[in-house]
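Below you'll find the structure, written out as structure tokens, and then a few comments.
Numbering (this note's numbering), first residue to last: 28 to 621.
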């Protein structure tokens, strides 16, 4: 095959059935060695190969090559003369030959690609430069564009937004921002629940009750206030301001979980009692709604008139009202509600509060809120009882099943019903409603999920596979998200070979802080290196855990061969750039003809 210079019409051809370049791509190469019969060793990116020369090239010189064809014989074109020592000058010359606009940002981005030996196409550069010029020229944005080109992703605004969102923040950041917008939106309760199950730290029953009631009181919502009065948990004459003040004062003195365990909840509340009363209301929901509606038809007008005139009901009406409430509603409420009714006073203010209580019982949203409260109470209690391993698997299962990682694939298989409750589907529905700030925050989270999808599995050949997984860390008590990277041989079924693989765990632990665990597996023999700057973390001081680790690995047919601890040095264990391996094939020894 022949190489040809743009100005002299000399061509280059490389023959290989497993070449890693595609037509239109541009890459820098270097002539390493010259051999007899016009053969040479040439390096393209990270690949070294033997080439047949049909045009004169100079030993030790570097050139820019552009792929013209990529069948069994790979045709390359030399762009311009051999490269000089000044990299910026070489890039400016290349941009001029390609007809690309010079700018500081554009030149810096091309330097990044060439420095990391990433092949690129002219159209990719045009689109990347346009995105750079329309956004802030930050390091994060350049890295997102570099990843798009290295992984041959479409260089579009949507892909750019997805990768930028994923690479620049933790999962909890867009989730918490959206949850703040949806906090009291009854129509988005399911979305709130799904997101909360991924990032909310599990709470003890006492802390959960305290936070739920305190946050509601701050927003001047009275659902739990009225339920407590209707259930006889508090005096029915208690006014909302006193209730709110008591819970706010309690919230202010709570330090940590241990401090809370030594405190009693306001108004003598008991966790099990509240759960029992609320469950009773849920079980009798239909009857309570029906009977409270009947009660309101009979008494709402009279109570409103009395309150408006600042007078009580007549003694006869007051006695009759209490009797009818006892007959219609109390049989379905808690056993303490009769005692609460006996304390009710016939004053305009108390009557008004009582009417609000019945209206709360008549509102279907009340029971939705109670169900949400009880569900979270139960899920958190169960979660806290699990081992760390089972806690991790629970979150991982929720993530994979609920977030919508396979959303588009499932839709393609007509599994519409299965995917309708995925977080991604609910976010898309929220976007269609176009509700200002809610839609904006939904879009940001959607970008992040799209970025997770794009980075989840990466494969550029039939032999090697990379996968990455992000697990929200807050619910596990971590300071930030837990990230895992897998790489290894690809099996016939498309999965990573568990006998030969490499796994990296990136953690930010509550006390040990930033930690990287590097695990290599060869023929099911496992070597582990833990990188951490904590001075007391050493092999000697963690030796008591090693037998447990060995036994755990043996239980799944693996054998621990080494366990070591090293300082966390960014140059050695920084998060590997996913583009670095995907831009170049990991296999060597393929012969080419040039």
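Don't be surprised by glycine CBs; every beta carbon is placed ideally from N, CA and C. Bear in mind that the values here come from a model prediction, so they are computed numbers and not experimental data.
| task | Go to residue 551, then tell me how far its alpha helix (DSSP H) extends in each direction, as first and last residue. | result | Counting from one through the chain shown, the residue named residue 551 turns up at place 524. Where residue 551 is concerned, there is no enclosing alpha helix (DSSP H), given that its DSSP letter is neither H nor E.
| Closest by C-alpha distance to residue 559, when choosing among 544, 116 and 380 | On the chain shown, position 532 is the one that residue 559 refers to. Answer by Cα proximity: 544.
| task | Could you tell me whether the stretch 407-426 touches the stretch 368-385, using the rule of 3 or more Cβ pairs below 8 Å? | result | Under the Cβ criterion (8 Å, minimum of three pairs), the stretch 407-426 does not count as touching the stretch 368-385.
| query | Where DSSP assigns a beta bridge to residue 55, which residues make up the other side? | reply | Here residue 55 refers to the residue found at position 28 when the chain shown is read from its first residue. Beta-bridge analysis with DSSP links residue 55 to 91.
| Unbroken beta strand (DSSP E) run spanning residue 67, endpoints | Counting from 1 along the chain shown, the entry for residue 67 is found at position 40. 66-71 is the extent of the beta strand (DSSP E) around residue 67.
| message | Classify residue 360: buried if its beta carbon has 16 or more other beta carbons within 10 angstroms, exposed otherwise. | response | The count along the chain shown starts at 1 and reaches residue 360 at position 333. Looking at its Cβ environment, which holds 16 or more other Cβ atoms inside 10 Å, residue 360 is buried.
| said: Determine whether the beta carbon atoms of residue 94 and residue 48 lie at a separation below 7 Å. | reply: Along the chain shown, read from residue 1 onward, the residue named residue 94 stands at position 67. Along the chain shown, read from residue 1 onward, the residue named residue 48 stands at position 21. Yes, the pair counts as a contact, with Cβ atoms nearer than the cut-off.
| So the beta strand (DSSP E) residue 498 belongs to, where does it begin and stop? | As a position in the chain shown, residue 498 is number 471, starting the count at 1. Start and end: 491-498.
| message | Here's the rule I'm using: 16 or more other beta-carbon atoms within 10 Å means buried, otherwise exposed. How should residue 346 be labelled? | response | As a first step, residue 346 must be located in the chain shown, where it is residue number 319. Answer is exposed; the Cβ neighbour count stays below 16.
| message | Can you look up residue 254 in the DSSP assignment and give me helix, strand or coil? | response | Counting from one through the chain shown, the residue named residue 254 turns up at place 227. Residue state, collapsed to three classes: helix.
| With a CB to CB cut of under 8 Å and the five nearest residues on each side skipped, what residues in its chain are close to residue 553? | Position 526 of the chain shown holds residue 553. 546, 547, 580, 585, 586, 587 and 588.
| query | Under a three-way DSSP split, which group does residue 561 fall into? | reply | Counting from one through the chain shown, the residue named residue 561 turns up at place 534. Of the three classes helix, strand and coil, the one that applies to residue 561 here is coil, per DSSP.
| request: Could I get the ranges of all uninterrupted alpha helix (DSSP H) runs contained in the stretch 347-381, with 4 residues as the minimum, in chain order? | output: DSSP runs (the alpha helix (DSSP H)) wholly in the stretch 347-381: 364-369.
| query | DSSP state of residue 474, grouped into three classes? | reply | Along the chain shown, one-based indexing puts residue 474 at 447. Residue 474 falls in the helix class under three-state DSSP.
| task | Drop a sphere of 10 angstroms on the beta-carbon of residue 509, count the other beta-carbons inside from all chains shown, and report buried for 16 or more, exposed for fewer. | result | For the purposes of this step, residue 509 is identified with residue 482 of the chain shown, where counting begins at 1. Label assigned to residue 509: buried.
| said: I'd like the list of long-range same chain contacts for residue 200, defined as Cβ closer than 8 Å, with 5 residues on each side in sequence excluded. | reply: Numbered from 1 along the chain shown, position 173 holds the residue referred to as residue 200. Counting only Cβ-Cβ distances below 8 Å, and skipping sequence neighbours, we find nothing.
| task | Quickly, what does DSSP pair residue 571 with across the bridge? List them, please. | result | By one-based count along the chain shown, residue 571 stands at place 544. In DSSP, residue 571 forms no bridge with anything.
| How is residue 588 classed by DSSP in three states: helix, strand or coil? | On the chain shown, residue 588 is found 561 positions in, with the first residue counted as 1. Correct three-state label for residue 588: strand.
| message | Can you list, in chain order, the residues of its chain with a C-beta nearer than 6 Å to that of residue 494? Leave out the 5 residues immediately preceding and following it. | response | Counting from one through the chain shown, the residue named residue 494 turns up at place 467. 484 and 513.
| task | Count the other CB atoms, across all protein chains shown, that sit within 10 Å of the CB of residue 333; report buried if there are 16 or more and exposed otherwise. | result | Reading the chain shown from its first residue, position 306 is the one you call residue 333. Residue 333 comes out buried.
| Complete runs of the alpha helix (DSSP H) confined to the stretch 211-248 [at least 4 residues] | The DSSP assignment places complete alpha helix (DSSP H) segments of no fewer than 4 residues inside the stretch 211-248 at 216-226 and 232-245, in order along the chain.
| request: Could you check the C-alpha separation between residue 147 and residue 50 for me, to the nearest Å? | output: Translated into positions along the chain shown, residue 147 becomes position 120. Translated into positions along the chain shown, residue 50 becomes position 23. C-alpha separation (whole angstroms): 10 Å.
| task | Grab the span of the alpha helix (DSSP H) containing residue 628 for me, first residue to last. | result | Given a span of 28 to 621 for the chain in the structure shown, any question on residue 628 remains unanswerable.
| field | Top-ranked residue by Cα proximity to residue 622, from 348, 263 and 254 | value | Look at the range of the chain in this structure, 28 to 621, and you will see that residue 622 is not part of it.
| query | What is the DSSP secondary structure of residue 263, counted as helix, strand or coil? | reply | Within the chain shown, numbered from 1, the residue matching residue 263 stands at position 236. Looking at residue 263 - three-state DSSP - the assignment turns out to be coil, as it is neither helix nor strand.
| request: Return the first residue and the last residue of the alpha helix (DSSP H) that residue 203 is part of. | output: The count along the chain shown starts at 1 and reaches residue 203 at position 176. Unbroken alpha helix (DSSP H) run through residue 203: 199-209.
| query | Helix or strand or just coil, what does DSSP make of residue 45? | reply | Locating residue 45 in the chain shown gives position 18, counting from the first residue. With a pLDDT of 44 at residue 45, under the threshold of 50, the modelled position of this residue cannot be trusted, and the question is left open.
| Three-state secondary structure (DSSP) at residue 60? | As a working mapping, residue 60 is identified with position 33 in the chain shown. Three-state result, residue 60: strand.
| request: Give me the Cα-Cα distance between residue 109 and residue 56, rounded to the nearest whole angstrom. | output: Taking the chain shown and counting its residues from 1, one reaches residue 109 at position 82. Taking the chain shown and counting its residues from 1, one reaches residue 56 at position 29. Those two C-alpha atoms are separated by around 10 Å.
| query | How long is the line joining the alpha carbons of residue 216 and residue 583, rounded to whole angstroms? | reply | For the purposes of this step, residue 216 is identified with residue 189 of the chain shown, where counting begins at 1. For the purposes of this step, residue 583 is identified with residue 556 of the chain shown, where counting begins at 1. Rounded to the nearest angstrom, the two C-alpha atoms are 40 Å apart.
| field | residue 422, DSSP secondary structure in three states | value | Counted from its first residue, the chain shown places residue 422 at position 395. In the structure shown, residue 422 sits in a helix (DSSP, three-state: H, G or I).
| field | residue 699 vs residue 213 beta-carbon contact at 7 Å | value | Outside the shown range of the chain, which is 28 to 621, sits residue 699, and nothing can be said about it.
| Beta-carbon proximity list for residue 537, same chain, < 6 Å, skipping 5 on both sides | As a working mapping, residue 537 is identified with position 510 in the chain shown. Only 504 meet the Cβ criterion.
| message | Which residue wins for smallest C-alpha separation from residue 171, given the options 140, 533, 522 and 130? | response | Residue mapping note: residue 171 aligns to position 144 of the chain shown, counting from 1. Comparing Cα positions, the closest option is 140.
| query | For residue 389 versus residue 316, is the C-beta spacing smaller than 7 Å? | reply | Position 362 of the chain shown, counted from the start, is the residue given in the question as residue 389. Position 289 of the chain shown, counted from the start, is the residue given in the question as residue 316. Going by C-beta atoms, residue 389 is nearer than 7 Å to residue 316.
| said: By DSSP's criteria, residue 626 is part of a beta bridge. Which residues make up the other side? | reply: Residue 626 lies beyond the stretch modelled for the chain, which goes from 28 to 621, so this question has no answer here.
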